[in-house]
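Novice:
Residue numbers (the numbering used here), protein chains in the order written: chain Y, 1 to 532; chain L, 1001 to 1489.
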């Protein structure tokens, strides 16, 4: 046995993975997927193909043919996120994300004429109740509230809001029916057996053509309740919101990710629909379709179902103003549960040329088990903590935060963790990464990347993200090459340039009083920055 | 717009045989494969859906190693990558004499500590530099060592795994680090009301002495010695417990030869003691347990009753009932009734759990605002009574379509196929289990579902657990059954 155990290769570094991964890339059809309409070779059964198809109204489809199994994954990317919420209506985009599952005039109703009338009555009753809240007598207010609730109940009798999800579930979507909404986007995704392609066309086009926001008030109340719970009990939500506010101050990117939980109290259906009509037009949509598709059958169906949707504004959403480094900021949030320390630096967004070097720097610091910070804190029993890094957190295309986050072990002192992060950062800046260290990080990044592309859903999400971030879906497949090209000196340069103390924000979630070395900061950009 | 008349959703009988030959949907259409220039129909039920193209994924290659261990391999050469698992099965469950939490501690200390040849840190360095991974995971029925690597590195990765299995380090320093992590985890878990409710329910339904109901505590973790870990390693890691699965760019016979050579000296762990880990504690009548969390804004609610093994003939009808009633669907009975019709802010599910190696349970779980808990519980019990009424044919068909049409996603990748095959092998199920299950699923009648429900849903002998502010909740819970406060008051 011992002999067998010692047979392990002694030349790990000489046998680079690059060759293998190059083959991987070739097998995935990535290198030929570069530009043009139908990329690379002529269609050939068994090969994978990418097709970009844009309708006259602007809706863009990115189609990747992969015929391993008779399934298709879809993702529609809407470039509308919580930063687009109107002032005083924080949470509206989250609400709309949920309302897009409620059907239309043709699906989700027992009788549309009856329901439409009942919904109008509900809206009127809600308006009357709201209008009276300022100065009506309590009994009158109670009566108006009761009338509103009665109207809601009446409307609910005509609703079959679950029909939209039910149809897709019965078609075989399993648990793949999802919607997410972050700061800059709303993503709607589902996977279906390949023979249900036309069903998807019908359903996806229908919810953007003619959505009905049925069960509006119940959905709104549920969202506000969930947001309130998250804002007080979810530790990741708490520290994330605290760090965003700390880093960005009054800038839109500093808003809570779920909106203010009581902000939607007075929102009515008409306002929500007006926002929808303004922001969710076809011209802004990008949909990725990955799986067992035939282009010649698929394109006519896309034209038929999506071609008549209103274009909406063709302009991209206005870029948010750039924030400026205003000095280090710190905040501590009292929390009885697991303590956490998150530190972030203002860095440029993913479209910036430095983005790849920033990603490599963050990976060197804390991505894998052998990374500098993980090794460093693992050596100390009192500091052995769960650490993660993210090179592109909480931002938009133009600006972002490079984040190091830690959940602290029992007895771990946040000051010591912060000290360790500082020292490793300075050491990496000063010395730069070792040759093999850098090569290892790149190999891990490439392997993760190729493994992720095996999954149709992940590939669909990657295609839409790439297009939105760079205007080219091809950039998804070029990211790998950008990482490989990063040199040690570039890592040092971006660390010197972007990872400075005055670009840093720190949030601590802990039950203890604020340590003397970490005075709390009010989240207010007008205040002078706090220095340690 | 009558949902029950959906043409697209008619299930063709007699299809899906044999398993993996999927031609699932549904009203085969003459229009299949033809671009359609017709107008958009008013409702998706009017769409004509073509047949799904036949799909025959490769079955795993099954080999027996010299040691008698089984090896299952699904080759896939699309990428030069290999994923695999070495599974050391535990006949039933952890034996009662084991300190609670020792298996999870062992998994962490084994991986982080490495072997006497290669420390955990050196192992990390090598794996990261080769974009490979080795992870050790403990579950009640097995210890799993999972790996992923480029095919050229498979031999080296297996050697590292061999070192972990045969000459593990368990250095005192690494054991203490693992213990510190485990203690932190336990401390944080005590803040998690949902987890507390799950753990309490295990104790109430399986008995506090059941190995499945014993969870790591600060005390149990502190008491575990390095020597106990080493003994535990020998007890659970043996060649006679091994099952191996791999997928990717790997030749099954080459892998078998490699494993034979590598693990030839791995000793046997010896026979395992069978135990009755899952003897359901059925109360004489519905009993309500109340666990106090003063001031909690949210209540965790659990409802349990006895269930069945997957192999039981009544399990499939109960599974179908579960899908129709309260599991894994946006439009099940429970969702339609409680949040939608009654407007209750309840997030939860209800159904019979599927378990491989032991009887499952009927399990209902939901979370509700404390101030609305009393009304929600009353509504839930009323719903449960209604749920015992026979399913309508349309409900049954809808649940059946949800399950069968999504089946393709269970077998659309080599990794998923292998996982399925390994579970059958691990738990001693017949290789055609899924074929038989789907046959049974397709043939079920509403009467069979009702009959199974009648035999197994004991609505008068449920165990109900509520975790929340006791003073506020106690008056509302008393009418639901015998009330027992877990804080002794």
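Ideal Cβ placement from N, Cα and C applies to all residues, glycine included.
Within this structure, are the beta carbons of residue 456(Y) and residue 1052(L) separated by less than 7 Å?
Specialist: Contact: no.
Novice: When the Cα atoms are used, what is the spatial distance from residue 1404(L) to residue 1438(L)?
Specialist: 8 Å
Novice: Per DSSP, residue 1287(L) forms a beta bridge with which residues?
Specialist: 1463(L) and 1482(L)
Novice: Looking at the unbroken beta strand (DSSP E) that takes in residue 1293(L), where does it start and where does it end?
Specialist: Careful: residue 1293(L) lies outside any beta strand (DSSP E) and carries neither H nor E.
Novice: Please list, in chain order, all residues of the same chain as residue 181(Y) whose beta carbon is under 7 Å from its beta carbon, the five residues on each side excluded.
Specialist: 81, 82, 93, 94 and 97
Novice: Starting from the N-terminal side, write out each stretch of the alpha helix (DSSP H) that is 4 residues or longer and does not extend beyond the stretch 1183-1217 of chain L.
Specialist: 1193-1206
Novice: List the residues of chain L that residue 436(Y) touches, going by C-beta distances under 9 Å, in chain order.
Specialist: 1129
Novice: From this set, 1223(L), 1235(L) and 1202(L), which residue's C-alpha is nearest residue 1280(L)'s C-alpha?
Specialist: Ranking the options by Cα distance to residue 1280(L), first place goes to 1202(L).
Novice: Would you identify the three-state DSSP class for residue 28(Y), choosing helix, strand or coil?
Specialist: Summary for residue 28(Y): the model assigns pLDDT 45, below 50, so the residue's position carries little reliability; its value from the coordinates is reported in the next sentence. Residue 28(Y) falls in the helix class under three-state DSSP.
Novice: Taking the C-alpha atoms as reference points, what is the distance between residue 247(Y) and residue 504(Y)?
Specialist: 7 Å
Novice: Which residues in chain Y have a C-beta closer than 7 Å to the C-beta of residue 1051(L)? List them in chain order.
Specialist: 195
Novice: Would you say residue 1368(L) lies against chain Y (beta-carbon separation less than 7 Å)?
Specialist: no
Novice: Which residue's Cα is closest to the Cα of residue 282(Y): 491(Y), 72(Y), 76(Y) and 507(Y)?
Specialist: Here the closest residue by C-alpha is 76(Y).
Novice: Which partner residues of residue 1146(L) appear in the DSSP bridge assignment?
Specialist: 1085(L) and 1135(L)
Novice: Residue 1251(L) and residue 1148(L) - do their beta-carbons sit closer together than 7 Å?
Specialist: Using a Cβ distance threshold of 7 Å, residue 1148(L) and residue 1251(L) do not count as a contacting pair.
Novice: Taking 7 Å as the CB-CB cut-off, is residue 1125(L) touching chain Y?
Specialist: Chain Y, which has a Cβ nearer than 7 Å to the Cβ of residue 1125(L), makes this yes.
Novice: Which residues in the same chain have their Cβ closer than 7 Å to the Cβ of residue 1230(L), if we skip the five residues on either side of it in sequence?
Specialist: 1170
Novice: Look up residue 340(Y) in the DSSP assignment and give the residues it is bridged to.
Specialist: 407(Y) and 509(Y)
Novice: Looking only at its own chain, which residues have a Cβ that is under 7 Å from the Cβ of residue 476(Y), when we skip the five neighbours before and after it?
Specialist: Contacts found: 462, 463 and 466.
Novice: Interface residues of chain L around residue 162(Y) at Cβ under 8 Å?
Specialist: In chain order: 1330, 1331, 1335, 1336 and 1340.
Novice: Could you give the residue range of the alpha helix (DSSP H) that holds residue 468(Y)?
Specialist: 456-470
Novice: Is it the case that the Cβ atoms of residue 1363(L) and residue 1353(L) are separated by a distance below 7 Å?
Specialist: yes
Novice: Spell out a yes or no on whether the stretch 1063-1072 of chain L and the stretch 221-233 of chain Y are touching, meaning 3 or more CB-CB pairs, one atom from each, closer than 8 Å.
Specialist: No, they do not touch.
Novice: Pull out every residue of the stretch 401-426 of chain Y whose Cβ sits closer than 7 Å to any Cβ of chain L, in chain order.
Specialist: For chain L, the residues of the stretch 401-426 of chain Y that bring a beta carbon within less than 7 Å of one of its beta carbons are 409 and 410, in chain order.
Novice: Would you call the stretch 435-450 of chain Y in contact with the stretch 415-424 of chain Y, where contact means no fewer than 3 C-beta pairs closer than 8 Å?
Specialist: no
Novice: Taking its Cβ as the centre, do 16 or more other Cβ atoms sit within 10 Å of residue 1128(L), making it buried, or is it exposed?
Specialist: buried
Novice: Could you tell me which uninterrupted alpha helix (DSSP H) segments, each at least 4 residues in length, are contained entirely in the stretch 191-229 of chain Y, listed from first to last along the chain?
Specialist: 197-209
Novice: In the DSSP assignment, the beta strand (DSSP E) including residue 53(Y) goes from what residue to what residue?
Specialist: 49-54
Novice: Does the beta carbon of residue 1157(L) sit closer than 7 Å to a beta carbon anywhere in chain Y?
Specialist: no
Novice: Are there any heavy atoms of the ligand GDP lying less than 6 Å away from the beta-carbon of residue 163(Y), as far as the coordinates show?
Specialist: Inclusion of the ligand GDP in the displayed structure is not the case, the ligand content being empty and no account of it being possible.
Novice: Do residue 1104(L) and residue 1138(L) have their CB atoms nearer than 7 Å?
Specialist: yes
Novice: Tell me, please, which residues DSSP counts as bridged to residue 352(Y).
Specialist: Paired residue(s): none; residue 352(Y) is not in a bridge.
Novice: Out of 1413(L), 1431(L), 1325(L) and 1340(L), which has the shortest C-alpha to C-alpha gap to residue 1397(L)?
Specialist: 1325(L)
Novice: Can you tell me which of 1098(L), 1261(L) and 1387(L) puts its alpha carbon nearest to the alpha carbon of residue 1212(L)?
Specialist: 1098(L)
Novice: Among 204(Y), 268(Y) and 269(Y), which residue has its Cα nearest to the Cα of residue 73(Y)?
Specialist: 204(Y)
Novice: Does the distance from the CB of residue 379(Y) to the CB of residue 366(Y) come in under 7 Å?
Specialist: no
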